[in-house]
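Notes follow the structure.
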Amino acid sequence: MNIEEAVHKQRMFFNTGTTLDVEYRINGLKRLYSTIRKYEDEIYEALKLDLNKSDYESYMCEVGLTLNEISYMLKHIHSFTKTHIKKTPLSQFHARTYTISSPYGNTLIISPWNYPFLLSLEPLVDALASGNTAIIKPSEYSYHTSSLIDRIISECFDEEYVMVINGGIEVSKELLKQKFDLIFFTGSTSVGKEIYQSASENLIPVILELGGKSPCIVEDGADIKMAARRIVFGKFLNAGQTCVAPDYILCHKKVHKELIEELIKEIKLQYSDYFNPDYVRIINEKHFNRLLRLIDKSKTVYGGNYDCETLRIEPTLMDNVTFDDLVMKEEIFGPILPVIEYDNYDNLYDILLSKPSPLALYIFSADQKHIDNLTHRLSFGGCSINDTVIHLANSETPFGGVGNSGMGSYHGKAGFDAFSHTKTIVKKYNWIDLPMRYQPYNRHLYNRILRIFLK
Ligand code: NAD
């Protein structure tokens, strides 16, 4: 089936109204849940082949989070889809006002390779809970997982409801020519701009989940040992190929030396041997070579080794880095951690204000005033204080970027809302009809009443 036909088939199906039935959505989500469970071992195998991801990490960061999102939607779907009664202003007397959430219709989900299972299926869960159809275009780089997603989805759903179309940039571009009702894109900022531009041709709403350089601040007074432990976790998870990984550290000069020592200790503890079977590899040679170019040996204080055959790069720590270094010119998206020193709070604030809004901000601090100041005044997607990464793993809260790191958010209720349009509906009763809005205007009689209603 060609792309145009596939989209047409889904449009015809959506127009039947089948997906408006909440029970239909629930059955689909339950089927998806059990099919994922059935294919769990194959999913681990595919992620191992694509990224050398271990079964443990695959469950923790991909399969488990997807199942959790399905469970969350199954638990809340009735309350999300119900009619919400709203207050009616006195000026509209006598009427009943309510809102209903409607699916956009036919949606397109384009996903990246770094968490290929999670980032294809989690948006799908939100799309289906909201009553949409979906075409998923997974990344061509995570070939094994993308093919398996196709098998899982084909077993679970008819093509007219959910379908996977695999392929590279050309396929993606062909899909973007179609008239979808919503596009959900996860990927790089540069491609995000292209998606936005192409969607604007048909005024298609977009959710853009993008990347960027997420700073990690370590202040004087923070628990340095704990900071090092949690930074090493968040940075080297998935070998740094995580959209919310701390990209670089901004460290106060007073704790700089201690932090470097603790980071090295922690890397040794958590990743003594980067050939260990659980250490993730770089997705392909292109990214492997890109990352090696970012390592400046003269600034490397730990790591820097690599293996071309298995595409693994040792957790690498670079010190005394400046914003002029190559490693600070692009999103790193790999296991290289640069440390930059700052002098004082004003200096830190100036640095952060001069950068585009990041997807994540990390603050290790014991100073609540500083924390409040930074979290209120800076623009960023989300934040963990005294930890890294964890703020995204909560279906109760929205996840998304702002500015250069994206627009719109998802997960849980935010995900349901992202894939729904909220309709406001007013039902007017006929037994009374307040006259003051009609011409000819009777200023003498209604001026005062009008000002009581609208003030
Ligand atoms: P990418 O932008 O290169 O590709 C993402 C998807 O877009 C893939 O399916 C790809 O086939 C498609 N694509 C690529 N070029 C295209 C084009 N010109 N036109 C249309 N489609 C195109 O991103 P990637 O390398 O797969 O992923 C890494 C990036 O994604 C990083 O920047 C990372 O920060 C970001 N990311 C963001 C999140 C988030 O939730 N915000 C999550 C994961 C990754």
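For the sequence shown, our numbering begins at 1466 and goes up steadily by one.
Note that the Cβ used here is the ideal one computed from N, Cα and C, for glycine as well.
Inset, instruction - Can you have a look at Tyr1736 and say buried or exposed, based on whether 16 or more other CB atoms are within 10 angstroms of its CB? - result: If you draw a 10 Å sphere on the C-beta of Tyr1736, you find 16 or more other C-beta atoms in it, and that means buried.
Inset, instruction - Name the residue from Ser1499, Arg1490, Glu1522 and Lys1552 whose alpha carbon lies nearest to the alpha carbon of Thr1889. - result: In this structure, Lys1552 is the residue among Ser1499, Arg1490, Glu1522 and Lys1552 with its C-alpha nearest to the C-alpha of Thr1889.
Inset, instruction - Please indicate yes or no: does the CB of Leu1641 lie closer than 7 angstroms to some heavy atom of ligand 1? - result: Result yes, Cβ under 7 angstroms from ligand 1.
Legend entry - Simplified DSSP assignment, three categories, for Thr1787: In the structure shown, the three-state DSSP call for Thr1787 is coil.
Inset, instruction - Would you check if the distance between the CB atom of Arg1777 and the CB atom of Phe1829 is smaller than 8 angstroms? - result: Between Arg1777 and Phe1829, the CB-CB gap reaches or exceeds 8 angstroms.
Legend entry - First through last residue of the beta strand (DSSP E) which encompasses Ser1653: In the DSSP annotation of this structure, Ser1653 is not part of any beta strand (DSSP E), being labelled neither H nor E.
Legend entry - Cβ pair Leu1512, Glu1527 closer than 8 angstroms: Glu1527 is positioned such that its CB atom lies closer than 8 angstroms to that of Leu1512.
Inset, instruction - From the DSSP output, read off the bridge partner residues of His1717. - result: Tyr1807.
Inset, instruction - May I ask whether a heavy atom of ligand 1 can be found less than 7 angstroms away from the beta carbon of Phe1798? - result: Yes, Cβ of Phe1798 sits closer than 7 angstroms to a heavy atom of ligand 1.
Legend entry - Residue burial classification, His1876 (beta-carbon count within 10 angstroms, cutoff 16): By the neighbour-count rule (16 or more Cβ atoms within 10 Å), His1876 is buried.
Legend entry - Any 3 or more C-beta pairs closer than 8 angstroms across the region 1889-1902 and the region 1682-1696: The region 1889-1902 is not in contact with the region 1682-1696.
Legend entry - Asn1517 to Tyr1810 span [Cα, whole Å]: In this structure, the CA atom of Asn1517 is about 41 angstroms from the CA atom of Tyr1810.
Legend entry - Ser1446 in three-state terms, based on DSSP: Since the displayed the chain opens at 1466 and closes at 1920, residue 1446 lies outside it and no answer follows.
Legend entry - Identity of the residue in Tyr1563, Leu1756, Leu1813 and Ile1575 nearest Glu1635 by Cα: Nearest C-alpha to Glu1635 among Tyr1563, Leu1756, Leu1813 and Ile1575: Ile1575.
Inset, instruction - Indicate the three-state DSSP secondary structure (helix, strand or coil) for Ile1748 in the structure shown. - result: Ile1748 falls in the coil class under three-state DSSP.
Inset, instruction - Flag Pro1603 as yes when its Cβ comes closer than 7 angstroms to any non-hydrogen atom of ligand 1, and as no otherwise. - result: Yes, since a heavy atom of ligand 1 falls inside the 7 angstroms radius drawn around the Cβ of Pro1603.
Inset, instruction - Answer yes or no: do Cys1716 and Glu1806 have a C-beta to C-beta separation smaller than 8 angstroms? - result: A contact, by the Cβ cut-off of 8 angstroms.
Inset, instruction - Measure the Cβ-Cβ separation of Leu1532 and Ile1491 and say whether it is below 8 angstroms. - result: Going by C-beta atoms, Leu1532 is not nearer than 8 angstroms to Ile1491.
Legend entry - Neighbourhood of Tyr1498 by C-beta distance below 7 angstroms, restricted to the same chain and skipping five residues each side: Around Tyr1498: Leu1532 and Ile1535.
Inset, instruction - Could you work out which residue in Pro1742, Asp1761, Ile1801 and His1543 is closest to Phe1701 when comparing CA atoms only? - result: If we check each option's Cα against that of Phe1701, Ile1801 comes out closest.
Inset, instruction - Please find out if some non-hydrogen atom of ligand 1 comes closer than 7 angstroms to the beta-carbon of Cys1708. - result: Shortest gap from the CB of Cys1708 to any heavy atom of ligand 1: under 7 angstroms.
Inset, instruction - Spell out a yes or no on whether the region 1744-1757 and the region 1836-1853 are touching, meaning 3 or more CB-CB pairs, one atom from each, closer than 8 angstroms. - result: Verdict: no, contact absent.
Inset, instruction - Keeping to the same chain, check which residues put their C-beta closer than 7 angstroms to that of His1886; ignore five residues upstream and five downstream. - result: So the list reads Ser1567 and Tyr1569, once near-sequence residues are dropped.
Inset, instruction - Go to Thr1610, then tell me how far its beta strand (DSSP E) extends in each direction, as first and last residue. - result: Boundaries around Thr1610 are those of the alpha helix (DSSP H), Tyr1608 to Cys1621, since no beta strand (DSSP E) includes it.
Legend entry - Tyr1504 to Ile1614 span [Cα, whole Å]: Distance between the alpha carbons of Tyr1504 and Ile1614 is about 10 angstroms.
Inset, instruction - Compute the distance between the beta-carbons of Pro1823 and Gly1799, then report whether it is under 8 angstroms. - result: No, they are not a contact pair.
Inset, instruction - Tell me His1886's beta-bridge partners as DSSP assigns them. - result: In the DSSP output, where bridge partners are listed per residue, His1886 has Ser1567.
Legend entry - As assigned by DSSP and simplified to three states, the class of Met1872: Met1872: strand per DSSP, three-state reduction.
Legend entry - Which listed residue (Lys1719, Ser1637, Thr1853 and Tyr1537) has its alpha carbon closest to that of Asp1685: The residue with the shortest Cα to Cα distance from Asp1685 is Lys1719.
Inset, instruction - Taking the CB atoms as reference points, tell me whether Thr1654 and Leu1675 lie closer together than 8 angstroms. - result: Yes, Cβ-Cβ distance for Thr1654 and Leu1675 is below 8 angstroms.
Legend entry - Within 8 angstroms, strictly: CB atoms of Asn1597 and Thr1564: Cβ atoms of Asn1597 and Thr1564: not closer than 8 angstroms.
Inset, instruction - Express the C-alpha separation of Thr1562 and Lys1834 in angstroms, rounding to a whole number. - result: Distance between the alpha carbons of Lys1834 and Thr1562 is about 43 angstroms.
Inset, instruction - Report the residue ranges of all beta strand (DSSP E) runs contained in full by the region 1806-1860; include only those spanning at least 3 residues, in chain order. - result: Counting whole runs of 3 or more residues, the region 1806-1860 contains the beta strand (DSSP E) stretches 1825-1829 and 1847-1850.
Legend entry - Residues of its chain near Lys1644, where Cβ-Cβ distance is below 7 angstroms and the 5 sequence neighbours each way are ignored: The answer, listed in chain order, is Asn1667.
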